[in-house]
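Below: one structure, written as structure tokens.
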Amino acid sequence: MSKSNGEFLCLDDGVTTYDSNLIIKDKFNLPSSFSGHPFSKLVIGHDGSYYFYSEQDIRDSVAHLLKLNNSGDLLWMNDSLKMRGQNLTFSGQSKLVQYGNEVFVFELFGEADSSRYGVTHLNAQTGEVKSFEMLDIPYAYFYHGRAFYDEKWYFSAGPGPKGESEGMLIFDVDGSYEYVPLDFPAANIIATTHNGIFSVDADYYGNDWSSELYRLDYDAEQLNAYPLSPTSKYPSNDISLGVFYGVFSEKYGIILRGRYRNNDSSSSNHKPWLAQLNPDNGNIVWDTVFDRNNGLNSPSIYSNGQEVFLKEDFRFFYELKFKELNFNTVLSDEEVEEQQAELKIYPNPTSSRFRIESSKEIESISVYDLSGRLVINEMVRSRSYRSKLTSPGMYLVKIITDDGNTSVKRLMIR
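According to numbering that gives the first Met the number 0, the sequence shown holds residues 0 to 413 in order.
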């Protein structure tokens with residue numbers, strides 16, 4: 000998992016922070032009060048805090064959510080959350096997200112002969128539960144990954160036993176939501192960019208695997224579909240490729256990870272496959288097959304937005320170098336629930352609404368259009384501020400904090 004300052008994290012029995020030179024900067028273990036409850040989800044808050052979620056398939060048990068500061072000190076723990084139901088008819092990923100003072104946990108619950116997602120809304124400062132709601136969406140299960148753009152989360156979902164189609168849950172930070180049915184695989188989300196959401200789908204349950212990369216807009220409409228196959232340096236006859244994960248780098252494009260195998264071979268002949276893809280056109284510009292059998296334990300890949308790293312066998316880290324590509328796709332800086340910032344405006348660009356977060360109290364905010372006209376002038380006296388602009392164009396945002404410092408930032412309304 001990457002951080003906005005170029006560092007990235009590795010999770011095992013706690014959190015290890017590496018800098019971009021693969022040097023360990025910090026390491027801490029989970030508190031003893033949380034031992035025995037392996038976490039299934041982690042979110043890095045925009046304030047630098049860590050939010051851990053753990054659910055266990057134990058009847059009459061409960062789920063846990065805790066918040067730690069960046070030194071590993073426990074700030075709060077809620078050990079009485081509703082836990083996923085025991086009579087589930089299918090499985091799906093739980094989701095943990097954080098925005099400003101809000102935390103949301105999405106979890107599956109059994110309902111009669113099917114299952115449905117419920118969402119718990121908590122206060123990020125205290126851990127107190129604000130509300131719990133069962134989502135009125137088709138029976139579905141969440142895939143890996145998520146996107147966040149313009150104050151909305153995007154969760155791709157596959158059909159459950161009674162589901163009609165693949166779909167995308169679009170969940171607003173104010174708690175409202177919509178479920179958009181899709182006529183193509185929702186797939187695993189791997190990147191959020193200003194040019195859309197990228198997801199990768201692998202049909203690798205049969206003898207003949209196939210994989211595709213999709214680009215969607217933020218209305219969940221498909222923009223492009225790119226079939227994935229090895230480059231010509233690897234045999235393509237009677238060969239299958241299952242691609243199920245990827246990361247985005249502004250230097251290298253999309254780095255994909257999957258499995259390469261002979262169609263008539265056993266799983267012992269699966270080999271890990273790694274590739275570099277140009278996000279503008281879907282072309283694979285380089286790939287390699289690892290010279291080892293049994294790719295079930297494929298190496299993990301990480302990106303901090305620029306560099307790409309590989310973790311092998313839970314022990315060894317490598318920085319990967321690729322040809323730097325000239326492409327137009329731009330990584331979104333709007334996954335703000337995973338970013339630590341002293342002063343940030345997001346989303347930026349945006350269609351209307353925006354938010355300002357500061358590590359110091361904001362005294363006042365003034366917004367000017369490029370003609371010099373003052374369009375917003377407010378006293379704030381808070382570390383957080385929300386507003387909206389409806390006219391497209393570039394704006395200058397003047398921010399004065401309580402220590403007397405003045406900052407001017409650009410804001411684009413599309």
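For every residue, glycine included, the Cβ atom is placed at its ideal position computed from N, Cα and C.
Can we say the stretch 121-135 touches the stretch 148-159, given the rule of at least three CB pairs closer than 8 Å?
no
Can you give me the Cβ contacts of S390 inside the same chain, cut-off strictly under 6 Å, excluding the 5 residues immediately before and after it?
none
Only counting the same chain, and skipping five residues up and downstream in sequence, which positions put a Cβ closer than 6 Å to that of K66?
S48, Y50, L74 and W75
Classify S381: buried if its beta carbon has 16 or more other beta carbons within 10 angstroms, exposed otherwise.
exposed
Three-state class that DSSP yields for A224 in the structure shown
strand
Cβ atoms of I344 and I355: under 8 Å apart, would you say?
yes
Less than 7 Å between C-beta atoms, sequence neighbours within five positions excluded: which residues of the same chain meet that for N376?
S365
Please list the terminal residues of the continuous beta strand (DSSP E) segment that includes Q97.
K94 to Y98
How many whole angstroms separate the CB atoms of M167 and A224, which I take to be in contact at a CB cut-off of 8 Å?
In fact, because the Cβ distance is near 15 Å, the residues do not count as touching under 8 Å.
Out of H120, L222 and D173, state which residue places its alpha-carbon closest to the alpha-carbon of D182.
L222
Within its chain, find whatever has a CB closer than 6 Å to the CB of K26; leave out the 5 residues flanking it on each side and keep chain order.
T15
Taking its Cβ as the centre, do 16 or more other Cβ atoms sit within 10 Å of E306, making it buried, or is it exposed?
buried
Grouping DSSP H, G and I as helix and E and B as strand, with all else coil, what is K250?
coil
Closest by CA to V172, which one among Q97, E165, D207 and F243?
Q97
In chain order, what residues of the same chain lie with their CB nearer than 6 Å to the CB of L388, ignoring the 5 residues before and after it?
I412
A419 - containing beta strand (DSSP E), residue span
Since the first residue shown for the chain is 0 and the last is 413, residue 419 is missing from the structure and cannot be characterised.
Among E177, V288, R260 and D402, which residue has its Cα nearest to the Cα of K416?
As shown, the chain starts at 0 and ends at 413. That puts residue 416 outside it, with no answer to give.
Restricting to Cα atoms, I'd like to know which of V104, D135 and R372 is closest to R115.
D135
Please identify the residue among G109, T230 and K94 whose C-alpha is closest to the C-alpha of F147.
K94
Output the distance between the C-alpha atoms of E350 and H269, rounded to the nearest integer angstrom.
Checking the displayed sequence, the identity of residue 350 turns out to be Ser instead of Glu. Near 45 Å, if we compare the C-alpha coordinates of H269 and S350.
Use the C-beta contact count for D290: other C-beta atoms within 10 angstroms, 16 or more gives buried, fewer gives exposed.
exposed
If you follow the beta strand (DSSP E) that N77 is in, where does it begin and where does it stop?
L73 to L80
Determine the burial state of T400: buried for a count of at least 16 other Cβ atoms within 10 Å of its Cβ, exposed for fewer.
buried
Determine the DSSP secondary structure at Q338, reduced to helix, strand or coil.
Bear in mind that a pLDDT of 40 at Q338, under 50, signals an unreliable position, so the number given afterwards is only what the model happens to contain. Three-state DSSP puts Q338 in coil, outside helix and strand.
Which same chain residues end up closer than 6 Å to I253 when comparing Cβ atoms and leaving out the 5 residues on each side of it in sequence?
G245, F247, L276 and P278
Would you call the CB atoms of L240 and Y259 closer than 8 Å?
yes
Less than 6 Å between C-beta atoms, sequence neighbours within five positions excluded: which residues of the same chain meet that for T405?
I399
Between which residues of its own chain and Y251 is the CB-CB distance below 7 Å, once the five residues before and five after are set aside?
Q275, V307, F321, E323 and L324
Where does L215 sit, in a helix, a strand or coil, going by DSSP?
strand
Report back the beta-carbon spacing between P226 and D286 to the nearest angstrom; my notes put them in contact at under 8 Å.
So it is not a contact: roughly 14 Å between Cβ atoms.
Nearest to Y178 by CA position, among P137, F326 and N68, is which residue?
P137
From N347 to R385, what distance separates their C-alpha atoms?
13 Å
Taking just the CA atoms, how far does K232 sit from V102?
47 Å
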